[in-house]
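When you read off a place in the sequence shown, starting at 1, and then add 2, the result is the number in the working numbering.
Each residue gets a CB set at the ideal place from its N, CA and C atoms; glycine is no exception.
Here's the structure we're looking at; comments come further down.
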Amino acid sequence: MADTETRCWLISGRVQGVFFRESTRRQAEPLGLSGHAVNLSDGRVEVLAHGRPPALDELEQWLHQGPPAARVDSVEPVAAGNGDNPNGAFRTG
Numbered sequence: 003m004a005d006t007e008t009r010c011w012l013i014s015g016r017v018q019g020v021f022f023r024e025s026t027r028r029q030a031e032p033l034g035l036s037g038h039a040v041n042l043s044d045g046r047v048e049v050l051a052h053g054r055p056p057a058l059d060e061l062e063q064w065l066h067q068g069p070p071a072a073r074v075d076s077v078e079p080v081a082a083g084n085g086d087n088p089n090g091a092f093r094t095g
């Protein structure tokens, strides 16, 4: 896939137990993104996504609001690790 990037964000607030991961998958898949949304032990959610920059920008905008039951306090961009280039379906878990 030409002209693609991988980005990672850490989302904090009330983001676990409110369908944040599944809602993120539902936002990412129609945008053609692969990656994952996983709960972290400290209460945050990590979202790693790979795809075209405009689609990543759109997902990042959505991450600031999340699903209706969520309360997003911050969306922190972090460096994606070397080799973090997810392929296939967007996964949760």
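Here R9 is bridged, per DSSP, to A51. Take the alpha-carbon of T94 and the one of S25: they are about 10 Å apart. As the crow flies, the alpha-carbon of P56 is around 16 Å from that of W11.
One thing to note: A72 has its Cβ within 8 Å of the Cβ of R16. Check the Cα spacing between P79 and each of I13, E7, T6, D5: the tightest is with I13. Rounded to whole angstroms, the Cβ separation of G68 and F22 is 6 Å, and the two are in contact under 8 Å.
If you draw a straight line from the Cα of L50 to the Cα of D44, it comes to about 17 Å.
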